[in-house]
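Have a look at this one:
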């Protein structure tokens, strides 16, 4: 809100992602074609010895929903970040849903705040409110596959959304899960959100082990059907499937 309200471009596609700024580097949060790493200059950290230091974006080893902070066995506390934003119009509207949401918006009306409002509207329609239905947002990463794998899948799933990268193709995990029939399914109080197949939800009393068991069943089924393994996005601590 602070950046968008002052006309800075860069973070508007990340609107309504839960959490505080200090958590953003850990996950290298991203949405609608934008990742935190694209605008990160430095991250200040506090180590176990009480020393403060700055790590450059390169030193943070950002990857797809990954970073040094998820990989390290040493405790690092993030205390500040430095970002590079722009006042020059730089909207990223490659995702079809965002393009459709802003279809009636003129170039003069297209501001960081307007894009952020569109992102919020889409997320509120698609994603359950954690305050009403327990969830951790997207549970699986969009898988990265080789071009050969993607071409093989196209005959089986011709409408599968895909985003070509420099070396690999990113596929829609939500589409694969829905194509496997899991959208809206429920195992006791553990389930898949009816509005978005990428979100696992707790309908009341599901344990961590039950959520994890459901996730692993989805992983196995998608792998068997389409030959693609889905990697969890959140860090899983302690729980094992029943």
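Numbering (the numbering used here), first residue to last: 27 to 268. Backbone N, C-alpha and C fix where the C-beta goes; we use that ideal spot for every residue, glycine too.
- Whole-angstrom Cβ separation of residue 153 and residue 141, contact assumed at under 8 Å? Not quite, the Cβ-Cβ distance comes to about 18 Å (not below 8 Å), so this is no contact.
- Message: Taking its Cβ as the centre, do 16 or more other Cβ atoms sit within 10 Å of residue 262, making it buried, or is it exposed?
- Response: exposed
- Helix, strand or coil for residue 141 per DSSP? helix
- Starting from residue 108, follow the beta strand (DSSP E) in both directions and report where the run begins and ends. 102–109
- Message: Measuring alpha carbon to alpha carbon, tell me which residue in 173, 184, 206 and 98 is nearest residue 192.
- Response: 173
- Can you give the beta carbon distance from residue 39 to residue 107, rounded, assuming they're within the 8 Å contact cut? So it is not a contact: roughly 17 Å between Cβ atoms.
- Item | Helix, strand or coil at residue 195 [DSSP, three-state] | strand
- Message: Can you confirm whether the segment 245–264 touches the segment 194–206 when touching is taken to mean that 3 or more C-beta pairs between the two stretches lie within less than 8 Å?
- Response: yes
- Considering residue 68, what are the terminal residues of the beta strand (DSSP E) in which it resides? 66–73
- Roughly how far, in whole angstroms, is the beta-carbon of residue 30 from the beta-carbon of residue 151, given that I think they are within contact range, below 8 Å? Incorrect: roughly 20 Å between the Cβ atoms, too far for contact.
- Supposed contact pair residue 240 and residue 216 - C-beta distance, whole angstroms, cut 8 Å: 5 Å
- Message: Do residue 60 and residue 118 count as a contact pair if the criterion is CB distance below 8 Å?
- Response: yes
- Task: Tell me where the alpha helix (DSSP H) around residue 31 begins and ends.
- Result: 28–31
- For the alpha helix (DSSP H) containing residue 59, list its first residue and its last residue. Careful: residue 59 lies outside any alpha helix (DSSP H) and carries neither H nor E.
- If you run the structure through DSSP and keep just helix, strand and coil, what is residue 47? helix
- Pairwise C-alpha distance: residue 196 and residue 264: 29 Å
- Query: Which residue from 121, 169 and 163 puts its Cα closest to that of residue 260?
  - Reply: 163
- Contained alpha helix (DSSP H) runs [length at least 4] in the segment 119–173, N- to C-terminal order: 122–127 and 138–152
- Could you give the DSSP three-state label for residue 228: helix, strand or coil? strand
- What residue from 238, 155 and 248 has the CA that sits closest to residue 220's CA? 155
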